[in-house]
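In full-length UniProt numbering, the protein residues as written are 1 to 300.
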């Protein structure tokens, strides 16, 4: 195992640990999303994305209001990704309910202050439960689901016209492939030749109402996406070397990484909650004690 892979593996472990710690302290959290996407986000923030350095971890600012016409001092959560520039990558995160997991990834990679989660979901804070354009790591408001791919397509098109070198990445969840706007965005990206548009998808096969295939089937997903002219790589979303290798593939087309993941990875006690895994809220003191024990095992 290379040093880079060990480092990214440690980031993924830290993401799960922080989200579990937060969930125990606050009687709730998007735990299955942390379990499924930890390697995806650790690879992005820890190895794939070419972001500008930021120096010291950033203290999350207070909420000052929404963007307004003529106001040019407004800062989005993109500041946690460093200064923008021709050579740097952009990341648009689509499933805003993964915000807690993204904040944990930012802390683990030195972009958000260690105490950043102390501000989580408080009045006047930008560290929102559902990420918005002012939240750390977000630069657009993407909800309700399936809007980010269109937004990123517009950004990628603008960057192409400006002849910028950086890639535009999108982090998505598989439930967004039940939405019509996703397929319109796929079509537009191919039409405009957005070869620097890259997408990584957490295909954890679960959503708010239960298992994906009981709500609306999306398979054969890879074939559907290829039908729009995209290049697609299908892989194990917990295989760090495979994710890193796939992210480096050069393409003349938009490229999507479909990462099939396990929503209880690293926290097998979550298996007891199947088939509904979307949000962890404890049923009582006994269940909380089980998760506290699991946390102690995680920090050893």
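Note that the Cβ used here is the ideal one computed from N, Cα and C, for glycine as well.
In the same chain as residue 105, and ignoring 5 residues on each side of it, the C-beta atoms closer than 6 Å to its own belong to 15, 41, 45, in chain order.
A direct Cα-Cα distance of roughly 26 Å separates residue 205 from residue 26.
In the three-state DSSP reduction, residue 90 falls in the strand class (E or B).
For residue 196, the number of other beta carbons within 10 angstroms of its own is at least 16, and it is reported as buried.
CA-to-CA, the gap between residue 74 and residue 134 works out to about 9 Å. Spanning the alpha carbons of residue 115 and residue 59 requires a straight line of approximately 8 Å.
When the Cα atoms are used, residue 153 and residue 254 turn out to be separated by approximately 10 Å. Counting only runs of at least 4 residues, the segment 11-52 fully encloses the following alpha helix (DSSP H) elements, listed from N- to C-terminal order: 31-43.
Taking a 10 Å sphere around the C-beta of residue 51, we find 16 or more other C-beta atoms and assign the residue as buried. Residue 81 has its alpha-carbon roughly 9 Å from the corresponding atom of residue 138.
Note that the C-beta distance between residue 264 and residue 270 is below 8 Å.
Of the candidates 210, 242, 246, 229, 210 places its Cα closest to the Cα of residue 276. By the criterion of at least three beta-carbon pairs nearer than 8 Å, the segment 213-222 is in contact with the segment 173-188. Taken through DSSP and simplified to helix, strand or coil, residue 276 comes out as coil.
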